[in-house]
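With the sequence shown counted from 1, adding 56 to any position gets you this note's numbering. In this text, a Cβ means the ideal position worked out from N, Cα and C, and glycines have one as well. This one's a predicted model, so the numbers in the text were calculated from it and none came from an experiment.
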Amino acid sequence: MNNKEFISELSQRSGYTQENTQNLVRGIIDAFGISFDDGEDVHIGGFGTFELKKRTERVVVNPSTGQRMMVPPKLVLTFRPVASIKEKLKNGGHDDE
């Protein structure tokens, strides 16, 4: 699903116009960005948690040349879904009922 399809589906489900829905989604993404800039995690109840994790510097080896290189530390964004979503995915996307 691309952005246009997502906005269309969300606007149909919510009853808002596509323009209002697009503005809402942009606002949510901007709020996420501000939280990440402040070093905060974002938890969405019933869905999961977006976390910032720091990767330490490490040495990697180029397999074709054998050259060793230092990769600097960096922040990466990770997602941890709630247990119910993990279980649903384990079952091929279907609830186990």
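Helix, strand or coil: how does DSSP classify residue i here?
| i | result |
| --- | --- |
| Glu107 | strand |
| Asp94 | coil |
| Thr77 | helix |
| Asn147 | coil |
I'd like the span of the beta strand (DSSP E) that includes residue i, first residue to last.
| i | result |
| --- | --- |
| Thr134 | 130–137 |
| Met126 | 124–127 |
| His99 | 98–100 |
Quick test of your reading: residue i and residue j, contact by CB under 8 Å. State the CB separation rounded to the nearest angstrom.
| i | j | result |
| --- | --- | --- |
| Leu108 | Leu133 | 6 Å |
| Ile63 | Gln74 | 6 Å |
| Met126 | Asn118 | Wrong, their Cβ atoms sit about 12 Å apart, outside the cutoff. |
Can you give me the start and stop residues for the alpha helix (DSSP H) that residue i sits inside?
| i | result |
| --- | --- |
| Ser120 | Ser120 -> no alpha helix (DSSP H), and no H or E assigned at all. |
| Glu113 | Here Glu113 belongs to no alpha helix (DSSP H), and DSSP marks it neither H nor E. |
| Asn59 | 59–70 |
- Message: Under 8 Å, with one C-beta from each stretch per pair, do the stretch 104–114 and the stretch 68–84 reach the 3-pair mark?
- Response: Segments in contact, no.
- Item | Sufficient close CB pairs (3 or more, under 8 Å) joining the stretch 98–106 to the stretch 136–143 | Verdict: yes, contact present.
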